[in-house]
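Colleague: One structure, as structure tokens, below. Some questions next.
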Amino acid sequence: MSKINHNRNRWLNVRLTEDEYSIIQKGFEKSTCLKLSEYSRHLLLRETIKINYRNQSLDEMMEEFIFLRQELNFVGHNFNQVVRKLNTYGDLPDAQIWKKLIAALKNDIEPCILKIKGSIQNYAELWSQKSSAERA
88 MSKINHNRNR WLNVRLTEDE YSIIQKGFEK STCLKLSEYS RHLLLRETIK
138 INYRNQSLDE MMEEFIFLRQ ELNFVGHNFN QVVRKLNTYG DLPDAQIWKK
188 LIAALKNDIE PCILKIKGSI QNYAELWSQK SSAERA
């Protein structure tokens, strides 16, 4: 039995203007092809090309959620650093007052942060389900 060789060993060099290359590059970025050579091969052989459809408003919302989650994490880290610094002051009278204020603040802020993170997670799951349904 002879084996069919599927290796691509033939080269095809094509020169393009900047505008032509830009058009091909934009099409490639919208496609599901992982490499420009794969996309170009599909174009040359007139094969079907699958295009990704992205809802830009959902993508922007997701980026904002990611940013908000990072900011919340930074707030938490900064808060923990303040508490750690206060703990190094030991039993100074001012430190005790600040510790009580921070404990009260933590009790107020922590549930809000957890609620916001939960909402972000819910929206992220909703977004991923919706984008999966749009692709199907």
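Mapped onto this note's numbering, the consecutive letters of the sequence shown carry residue numbers 88 to 223.
Just so you know, even glycine gets a beta-carbon here, dropped at the ideal spot from N, CA and C.
(1) Distance, Cα to Cα, residue 135 vs residue 121?
(2) Give a yes or no on contact between the region 113-129 and the region 182-198, applying the rule of three or more CB pairs nearer than 8 Å.
(3) Going by DSSP, what residue range makes up the alpha helix (DSSP H) through residue 175?
(4) Only counting the same chain, and skipping five residues up and downstream in sequence, which positions put a Cβ closer than 8 Å to that of residue 148?
(5) Using DSSP's beta-bridge definition, name the partner residues of residue 118.
Modeller: Inspection of the coordinates gives the following:
(1) 15 Å
(2) no
(3) 143-175
(4) 210, 214
(5) For residue 118, which the question treats as bridged, DSSP gives the partners 138.
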